[in-house]
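Report on one structure; see the data block that follows.
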Amino acid sequence: MKKVLVTGGAGYIGSHTVVELARSGFEPIIVDDLRNSHERVFKGLEHILGRKVEVHRVDCTDPAAMGRVFAQVKDLSGVVHFAAYKAVGESVAEPLKYYRNNVGSLLVLLELMAEYEVKHIVFSSSCTVYGQPEELPVSEEAPDRRASSPYGSTKMCCEQLLRDAHVADPSLAVVLLRYFNPIGAHPSARIGELPIGVPNNLVPFITQTASGIRRSLTVFGNDHDTHDGSCVRDFIHVVDLAEAHVKALTWCESREVPTCEVFNLGTGRGHSVLEVVRTFEEVTGRELPYTIGPRRAGDVASVYADPGKAERVLGWKAKLDLGTALRDAWAWERTLRE
Ligand code: NAD
Ligand code: WQD
């Protein structure tokens, strides 16, 4: 079995990707120090996969500790790099922390990959690099905007670092995956998103409101330039997203001439925040208390993907709809409260 190092593999998207990698015949090896995840994910993974996954509780920015992981694991065929901080607001207040972790961890990885001759890397980027695109749906050819947050800047910086590393060593194959808005949870309800404190993102806030932990959702603005005034996003089921990583890694490994390629991972459909609220109520049968508040600073009105390149090149397409993702997110929330 091909061994794949999954940094941040205990996190939200990483844990779902670990499941899909294992199911596709890879041997995922997790590196995560649980700074933004929880022990319980390992029980969930074991339940879903019927076996334990190898875990190294290591800080990815620590070159010596990461060096020991590479020396111990041996014969890695590739790396999927999720480990990063992701809170946009926090990154404005603490940019250095974001650069140190998000860029620092990638530097450590790339140096070790060069030393150990590991030639495939799949990287978690974000639609945040597009800002508010001029044309929708947004394709990979759209110009990167000056990122609206230090978090976004770290993603642009990492993408550039990977492009430069590929130029310097053309045998290094790189896939940059720009996720739109990942939501939902594994259909088993054994793994899912575990936000620490008050959630920043819409769907965990909705599920926590529905379960009574939060009093009411505030919809940030109904005066945006969209069909109902609330923001429009491309919400993608985390299991669809996880499957794309397997396709990306397989494609990367099959290339005769290694390249550095970027792909959008979205559904191609935009849904407004108010549509998400309505769909949540429909699929769960629960009423969701909400009020309309002012716009949130930094929000773009509308962004959704042109996912055509991922379909043409990787043979990947999102299959699960918004209702399924919200139902799965709700099932996960209920498991957490049991
Ligand atoms: P997450 O916080 O749930 O997972 C990240 C994991 O990395 C956590 O388990 C955390 O403990 C670990 N980690 C972070 N820094 C580490 C370090 N230095 N050493 C060891 N472990 C470390 O986040 P997620 O939502 O799963 O996001 C995964 C990746 O996808 C991130 O790079 C994020 O920027 C990117 N991304 C996320 C979204 C989203 O909305 N969730 C959207 C676009 C891109
Ligand atoms: C979605 C919509 C809010 C909470 C973020 C990052 C992006 C990427 C994905 C990492 C927005 C509205 C939210 C609430 C609301 N992450 N909302 N009330 O901002 O689209 O994207 O996650 O790369 O970089 O910025 O996601 O879930 O925060 O918000 O009305 O309580 O829901 O205004 O329109 P966002 P989100």
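Count along the sequence shown from 1, then add 3; that gives the number in the numbering used here. We put the CB at the ideal spot given by N, CA and C, even for glycine. Since we're looking at a predicted model, the values are computed, not measured.
As far as DSSP is concerned, Val21 takes part in no beta bridge. CA-CA distance, Arg289 to Asn203, rounds to 22 Å. By the Cβ test, the stretch 78-91 is not in contact with the stretch 50-57, since fewer than three Cβ pairs between them sit closer than 8 Å. One thing to note: Pro31 has its Cβ no nearer than 8 Å to the Cβ of Val61. Every residue whose Cβ sits closer than 6 Å to any heavy atom of the ligand WQD is listed here in chain order: Lys89, Val91, Ser129, Thr131, Asn184, Asn203, Asn204, Leu205, Phe208, Leu220, Thr221, Val222, Phe223, Cys234, Arg236, Val276, Arg299, Asp302. The beta carbon of Ala304 sits closer than 8 Å to those of Gln135, His227, Asp228, Thr229, Cys234, Val235, all from its chain and outside the five residues before and after it, given in chain order.
Its chain contains Ala145 as the residues whose beta carbon lies nearer than 8 Å to that of Glu138, once the 5 sequence neighbours on both sides are disregarded; these appear in chain order. Shown here, Tyr88 sits in coil according to DSSP, grouped into three states, outside any helix or strand. Under the Cβ criterion (8 Å, minimum of three pairs), the stretch 203-216 does not count as touching the stretch 247-256. For Ala313, there is no enclosing alpha helix (DSSP H), as DSSP marks it with neither H nor E. If the five residues before and after Pro292 are omitted, its C-beta is found closer than 6 Å to the C-beta atoms of Ser219, all from its own chain and listed in chain order. Lys6 is the residue among Ala328, Lys6, Ala213 whose C-alpha sits nearest the C-alpha of Ala25. When the beta-carbon positions are compared, Val306 and Tyr133 come within less than 8 Å of each other. With fewer than 16 other Cβ atoms from the protein chains shown falling within 10 Å of its own Cβ, Gly318 counts as exposed. In this structure, Asn104 has its beta carbon less than 7 Å from a heavy atom of the ligand NAD. Counting the other CB atoms within 10 Å of its CB gives Leu99 a total below 16, which places it among the exposed residues. Taking 7 Å as the cut-off, one finds at least one heavy atom of the ligand NAD near enough to the beta carbon of Leu37. With contacts defined as CB atoms closer than 8 Å, Pro261 and Lys122 qualify as a contacting pair. At least one heavy atom of the ligand NAD lies closer than 7 Å to the C-beta of Ala13. Relative to the ligand NAD, the beta carbon of Tyr293 is positioned no closer than 7 Å to any heavy atom. In terms of Cβ geometry, Asn267 and Lys312 form a close pair [threshold 8 Å]. DSSP, reduced to helix, strand and coil, places Ala176 within a strand of the structure shown.
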